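One structure is given below, encoded as structure tokens.
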Amino acid sequence: MIPALAILLSFQLVGEVATRGLGLPLPGPVLGLLLLVGSCALRPALAEMLRPVVTGLLANLSLFFVPAGVGVIAHLGQFRDDALAIVLALTVSTALAIAVGALVFAAVVRWRGGAEE
Amino acid sequence: MTDAALIWSYLSQEPLLWLTATLIAYFLGDSFFRRMNRQSWANPVLVAVILLSLVLWLTGTGYQTYFEGAQFVHFMLGPATVALGMPLYDNLRRVRKALAPLVAALVAGSVTAVVSVLAIGKAFGLNEVMLASLAPKSTTAPVAIGIAEGLGGEPTITAVLVLLTGIFGAIIATPLLNALGIRDWRARGFSLGVAAHGIGTARAFQVNETAGAFAGIGMGLNAVLTSIIAPLALHLFQ
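Sequence order for the protein chains is A and B.
The first sequence: position 74 = 104 (our numbering), numbered continuously.
The second sequence: position 39 = 663 (our numbering), numbered continuously.
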């Protein structure tokens, strides 16, 4: 467990240093994510070594954003003032994104072939 | 009664109390979610956030004090984001097999999610901090919080907007996609994962295994793409 955690933290650390050092627009952990995918593709044994800890982390992913969510109590006033705009922006945009994504996916499948088996 | 007051003054200074409270609140939220047959509206994080906010309000505890304890949980967002690479790695073969529709739908869905929320928000006069907090709302929470921080948004507002987006997307997806006549499970799952991250992915898995796998791929790829396009899009609306 400790080596696997150390490797995950190292990917994050390299990600943080590289994004800050090079001024990349990605958050450090996202670069760490890409490093993980690349490293596992190069060395499949690494994926199996990391898997138990990764599975544990992902099974409890939701827990980790509870503290940030509670922070909303400090901004309730702002939410109340902008409630209508926020609700409209959020709902319309989410529905649009689902519709556009699915329609484009289906259109490209029709155009290029490759329907579901 | 002096003793109780002394104990309280000790507890309210130490991280122990609020770390424990965070875990208990999440456990209660998760139990409620299971009892409600995992329906999207009964989201465990939303329940935990409401419970903790009530407790903080009743005890007159400030967010700073709470965060002293909760920061240990918050810290895990970083390694958990890195861990999201694993499902992406596991699905690399599926990604390669459907590369063209995946890339097209990813770009279309991701750009729509970011640009439309900024356009509507701007039209209704939301300020720049709120716009920056809204921009990554379709991205999985750990990444969205990182993006919002980088854009000058308020990460705590983003956390709640991300939750609400996921819940709304999970509820609306089935009727919306049926109305549009989309039958391909890959298209249905993928678009939901791109637009409504982990909560949408959990919903997709409930409906169909293939949809769930593609939702997970959509969530992972969109986390990367939104990191890049959110700053560009926000620039256009400032």
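No residue lacks a Cβ here, since even glycine has one placed at the ideal position from N, Cα and C.
These numbers were taken from a predicted model, which means no experiment stands behind them.
(request) Could you give the DSSP three-state label for S762 of chain B: helix, strand or coil? (result) coil
(request) Can you give me, in chain order, the residues of the stretch 55–79 of chain A that have a beta carbon less than 7 Å from any beta carbon in chain B? (result) P55, L56, P57, P59, V60, G62, L63, L64, L66, V67, C70, A71, A77
(message) Check for me: the alpha helix (DSSP H) holding E46 of chain A runs from which residue to which?
(response) 32–52
(request) Closer than 7 Å by C-beta to G790 of chain B: which residues in its own chain qualify, once you throw out the five before and the five after it? Chain order, please. (result) A820, H821, G822, I823, G824
(message) Taking 8 Å as the threshold (beta carbon to beta carbon), is R812 of chain B in contact with chain A?
(response) yes
(message) As an exercise, report each continuous alpha helix (DSSP H) stretch of at least 4 residues that is fully enclosed by the stretch 767–809 of chain B, in chain order.
(response) 779–804
(request) Specify the secondary structure class of S69 of chain A as computed by DSSP and reduced to three states. (result) helix
(request) Take V130 of chain A as the anchor and find which of B:A724, B:V831, B:L723, B:A732 has the nearest alpha-carbon. (result) B:A732
(request) Please check if any C-beta of chain A sits within less than 8 Å of the C-beta of H859 of chain B. (result) no
(request) Scan the stretch 664–717 of chain B and note each continuous alpha helix (DSSP H) run of 4 residues or more that stays entirely inside, going in chain order. (result) 668–683, 687–699, 701–707, 709–714
(request) Out of A:F41, A:R110, A:H105, point me to the one whose CA is closest to L76 of chain A's CA. (result) A:F41
(request) Under 8 Å between beta-carbons, which chain A residues line up against T736 of chain B? List them in chain order, please. (result) S123, L126, A127, V130, G131
(request) Could you tell me the distance, in whole angstroms, from the CA atom of T49 of chain A to the CA atom of P59 of chain A? (result) 9 Å
(message) My assumption, with CB atoms under 8 Å, is that G709 of chain B sits in contact with V67 of chain A. Please give the rounded CB distance.
(response) 4 Å
(message) With the cut-off set at 8 Å, would you say A707 of chain B and L38 of chain A are in Cβ contact?
(response) yes
(message) I need the DSSP call for A75 of chain A, collapsed to helix, strand or coil.
(response) helix
(request) At 8 Å on the CB atoms, spell out the chain B contacts of I103 of chain A, in chain order. (result) S677, L680, W681, Y687
(message) Taking the alpha carbon of S851 of chain B as the reference point, which residue from B:L640, B:G653, B:G840, B:T705 has its own alpha carbon closest?
(response) B:T705
(message) For V138 of chain A and S815 of chain B, I'd like the C-alpha separation in whole angstroms.
(response) 13 Å
(message) Buried or exposed for E833 of chain B, going by 16 or more other Cβ atoms inside 10 Å?
(response) exposed
(message) Taking 8 Å as the threshold (beta carbon to beta carbon), is Y634 of chain B in contact with chain A?
(response) no
(message) Residues in the same chain with beta-carbon distance under 7 Å from H105 of chain A, minus the five sequence neighbours each way, listed in chain order, please.
(response) none
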